[in-house]
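To convert, note that position 32 of the sequence shown is 19 in our numbering; the numbers rise steadily by one, no gaps. Here a beta-carbon is modelled for each residue, glycine too, at the ideal position from N, C-alpha and C. Taking it in order: structure first as structure tokens, then the write-up.
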Amino acid sequence: MVTMFSVFTTSDSSSTIHSLQLKQRIISESCERYDSRLSKSEEVSFSNNWISKRVHRVEQYLHRRRVGR
């Protein structure tokens, strides 16, 4: 991923370019960290289990409300 920035300032161009490069590096590093976290299948399956349990609980609650009427 190559991102090019064109900056049109006179005196402060080098520091602006440097800050933009720094931001780009931070963004790409955080994306890589996110990707590596997603590749851990245990964490993904854990969150999927948690989500399905929550959905099941909500469905039970709605069913009880319907039957209770």
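Quick check: what's the CA-CA separation for residue i versus residue j?
i: S6; j: E16; result: 15 angstroms
i: R52; j: S32; result: 30 angstroms
i: K10; j: S1; result: 14 angstroms
i: L49; j: S34; result: 23 angstroms
i: W37; j: T3; result: 44 angstroms
i: H43; j: I14; result: 36 angstroms
i: V69; j: R12; result: Residue 69 is absent from the structure shown; the chain starts at -12 and stops at 56.
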